[in-house]
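Engineer:
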Amino acid sequence: MLRVVAYVCALLALAHGQTTNVQSCSLSSAPLPINAHIEGCVDPPCILPQGTYAVVNVIFRAPRPIQSMTTVATVHIMGLGIPYGLGEAADTCNYLTNSHCPLDKGEVVQYTLHVFIETFFPAGTNVTVELRVTEGWGLFAPTLWCIRVPLSIVGPLPSSNISAHNATITDKV
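Numbering-wise, the sequence shown is residues -17 to -1, 1 to 156 according to mature numbering (1 follows the signal peptide of the UniProt record, and there is no 0).
(1) Taking C-alpha atoms, which residue in Leu140, Ala56 and Val41 lies nearest to Pro66?
(2) Between Gly64 and the rest of its own chain, which residues show a CB-CB distance below 6 Å, the 5 nearest in sequence each way excluded?
(3) For Thr35, which residues of its own chain have a beta-carbon under 7 Å away from its beta-carbon, when the five flanking residues on both sides are left out?
(4) Three Cβ pairs or more, each shorter than 8 Å: is that satisfied between the stretch 84 to 91 and the stretch 123 to 141?
(5) State the DSSP-derived secondary structure class of Ala45, mapped to helix, strand or coil.
(6) Rank Ala73, Glu90, Glu118 and Trp120 by C-alpha distance to the C-alpha of Val98 and give the top, closest one.
(7) Is DSSP giving Pro139 helix, strand or coil here?
Here's what the structure looks like:
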């Protein structure tokens, strides 16, 4: 039953256009996920203001039983691929929104990654990022899926926009 619900959610996400036009990765032959959406971005380059979170929502199908997964980020700038540490966010299983590890073969899974765009990242920087999820840990762990997307870092949002955007019902804006 959970698989049916997850599958319906995946179809609804696709139907509502919550999809970012991502590419296959350059150094990995891993497939694209069922759906990938970077919030606020349909057509790259995705614009990411300093001091905010980039939110990446991914829907994918487990190709086999999976015990654990790791998210790996690589930033490509001026022809160089530089690993970008995700810290605790690298433990993919902790960020599944409709399931938990271990996964069953064929299970449709929703995953959300939040990455803070540091204020020391220079505004005007254009990079391409590859995000991949591997089975387990380690350099030679099999890749389950991989996406590649161009990004552009811009200056921080004006503080009036940030407070209005994050206001709650009890806040006075």
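Built from N, CA and C at the ideal position, the CB exists for glycine as well.
Structural biologist: Straight from the coordinates:
(1) Ala56
(2) Thr57
(3) Same-chain partners within the cutoff: Ile100 and Leu140.
(4) no
(5) Three-state result, Ala45: coil.
(6) Ala73
(7) coil
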